[in-house]
Amino acid sequence: MKQGQMLVQGAENVKPAMLRGACLKCPRCGEGRMFSGYLKVAASCDACGLDLTPQRADDGPAYFVILIVAHLIGFSLPVMFNLIGDRPTTIAVTLGLASIVLSLALLPPVKGSFVAFQWAKGMHGFQPGTQTQ
1 MKQGQMLVQG
11 AENVKPAMLR
21 GACLKCPRCG
31 EGRMFSGYLK
41 VAASCDACGL
51 DLTPQRADDG
61 PAYFVILIVA
71 HLIGFSLPVM
81 FNLIGDRPTT
91 IAVTLGLASI
101 VLSLALLPPV
111 KGSFVAFQWA
121 KGMHGFQPGT
131 QTQ
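In full-length UniProt numbering, the protein residues as written are 1 to 133.
What follows is the structure, given as structure tokens:
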């Protein structure tokens with residue numbers, strides 16, 4: 001898919017749409033911004049006019065971020081014990097800060113992918129034929 005090439009809803013376009021969403025761009029055109037704030041989805045794409053208000057990401061992105069971060073932190077725990085030794089406070093602070101930073105960094109791309117997935121599959125108010133072309 002070329003940047004700026006318009007996608008249509010359908011199963012064959014789920015992956016490119018989700019990649020565009022992970023880059024915080026409109027799932028249809030790949031140019032407009034999907035978010036108007038940190039996690040606030042814009043009302044519409046400023047490039048192609050796609051209405052983004054039907055999205056219902058809710059708690060889904062947070063659950064996926066928790067799953068990803070928990071695995072990364074969990075697998076790094078034995079490594080930390082080998083590197084730092086038996087200093088539980090240092091390990092707890094280090095991994096706690098790492099989990100906060102990772103969670104905050106991953107939330108927008110995961111939410112963008114969720115919204116793009118909903119658009120590509122025609123979920124909620126994103127049914128084909130109801131969007132501005």
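Glycine included, every Cβ here is placed at the ideal spot set by N, Cα and C.
Can you check whether the CB of L107 is closer than 8 angstroms to the CB of V69?
Their beta carbons are not under 8 angstroms apart, which means V69 does not touch L107 by this criterion.
Taking the Cβ atom as the reference point for each residue, do L39 and K111 lie within a distance shorter than 8 angstroms?
Cβ atoms of L39 and K111: closer than 8 angstroms.
When the Cα atoms are used, what is the spatial distance from L52 to L83?
Rounded to whole angstroms, L52 to L83 spans 46 angstroms at the Cα level.
Can the beta-carbon of G21 be found less than 8 angstroms from the beta-carbon of M6?
No. Outside cutoff.
Can you look up K25 in the DSSP assignment and give me helix, strand or coil?
K25: strand per DSSP, three-state reduction.
What is the rounded straight-line gap between the Cα of C79 and the Cα of A62?
Contrary to the premise, residue 79 reads as Val rather than Cys in this sequence. If I take the Cα positions, the gap works out to 26 angstroms.
Threshold first: 3 residues or longer. Then list the beta strand (DSSP E) segments lying entirely within the segment 64–99, N to C.
Counting only runs of 3 or more, we get nothing.
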